[in-house]
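J.: Let me begin by handing over the structure; questions about it come next.
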Amino acid sequence: MHYTSSEVFVATGIRAFKPPLLKKYREYIKNEKNAQALHAILEKYHKVGIKVVQPHFKRYPQGFKEEDKYAYLSQYNAMYAYTTCKPNKTFLSSKIINKNFKFYQETLELFEWLYEMNNSNK
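Residue 735 is where the sequence shown starts when you use our numbering, and the numbers rise one by one after that.
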């Protein structure tokens, strides 16, 4: 969670892949099963209105082609889902804990996918 006087930002995921993790992420999504699972999570979040970071890179990295089904996933330099809101009475009370916990439950799939990727051998 990050907040300013005008906005509360709550996120699940990895804010920026450091080079070794970016390399690992790209290797992991070369496996179609892994890429399909991440794609399904992102599509699900899009349908229910959970925001996801936008791709960062304009070009496809080496080893990926535009015609590959999930090539767009290689253009990310981070992977997180997030929500924003204005600070209000909930933010200033203990109710913020439940609100954040609900968001983290809704985005647990992405956290689990990233955890699995980070702990994989590839």
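All C-beta atoms in this analysis are idealised placements derived from N, C-alpha and C, irrespective of residue type, glycine included.
(1) What does the alpha-carbon distance come out to for the pair Y779 and I748?
(2) Measuring CB to CB, does I784 end up less than 8 Å from A805?
(3) Can you tell me whether Y737 is helix, strand or coil according to DSSP?
(4) In the DSSP assignment, what are the bridge partners of G747?
(5) Thinking C-beta only, is P821 closer than 8 Å to V744?
(6) Assign K803 to one of three DSSP states: helix, strand, or coil.
T.: Reading from the atomic positions:
(1) 16 Å
(2) no
(3) Y737: strand per DSSP, three-state reduction.
(4) As computed with DSSP, G747 is found in a beta bridge with Y814.
(5) It is not a contact, given that the beta carbons lie outside the stated cut-off.
(6) coil
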